[in-house]
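Position 29 (the sequence shown) corresponds to 485 in my numbering; numbering is contiguous.
Cβ coordinates follow ideal geometry from the N, Cα and C atoms, glycine included.
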Amino acid sequence: MRRYFVAKYLKTYPEKCSACGTCMDVCSETFFKERNPLRSAIKIQHGEGSVLMTVCNQACRLCVEECPVQALTVNSAGVVLLNKNKCVGCLACVSVCPIDAMMWYEGGKTPFKCIACGKCAEACPEQALEIVEEG
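The following block contains the structure:
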């Protein structure tokens, strides 16, 4: 799989994460105006003695290549963005994502993903998330 340079992304530190869910609450409240983990672009799961943090790393871009209507683009910081007006809801991007970071929920019209806004990192009480900006 080809990887691209990314200037801005959300870096995770699973070893610091307490799985409190604050990041998921903030994400869903910010973008969907409701506290719902199914509408969060970051997923936190308990593993065997560890925490799994799933979020788009902005680097593989298979979703961009797979989109039949070019609804996904990459901005100057390397962040993959979805144009909801162009999206036809085919979910090709969801199917192709190798880490399940392109999200969709039952009843949703379009998929969604992390856009590296940093709201979750600001709210994390354990500092398990960080927005990284490289030059």
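- Inter-residue distance for valine 507 and glutamine 501 is about 6 Å (C-alpha atoms, whole angstroms).
- For threonine 478, no beta strand (DSSP E) run applies; the uninterrupted alpha helix (DSSP H) run containing it begins and ends at 478-488, by DSSP.
- Taking 9 Å as the cut-off, the beta carbon of alanine 557 is found closer than this to the beta carbon of lysine 569.
- Valine 530: member of the beta strand (DSSP E) spanning 528-530, first to last residue.
- About 6 Å separates the CB atoms of leucine 585 and cysteine 479; that is less than 8 Å, so the two are in contact.
- In this structure, the alpha-carbon of alanine 533 lies about 31 Å from that of glutamate 562.
- Per DSSP, the beta bridge partners of glutamate 586 are Lys467.
- Counting the other Cβ atoms within 10 Å of the Cβ of isoleucine 571 gives 16 or more, which makes it buried.
- In this structure, DSSP gives lysine 499 an extended state, which the three-state scheme calls strand.
- Collapsing the DSSP output to three states places valine 550 in a helix.
- Under the three-state reduction of DSSP, valine 536 is assigned to strand.
- The Cβ neighbour count for threonine 529, taken over all protein chains shown within 10 Å, is under 16; the residue is labelled exposed.
- DSSP places leucine 494 outside any alpha helix (DSSP H), giving it a letter other than H or E.
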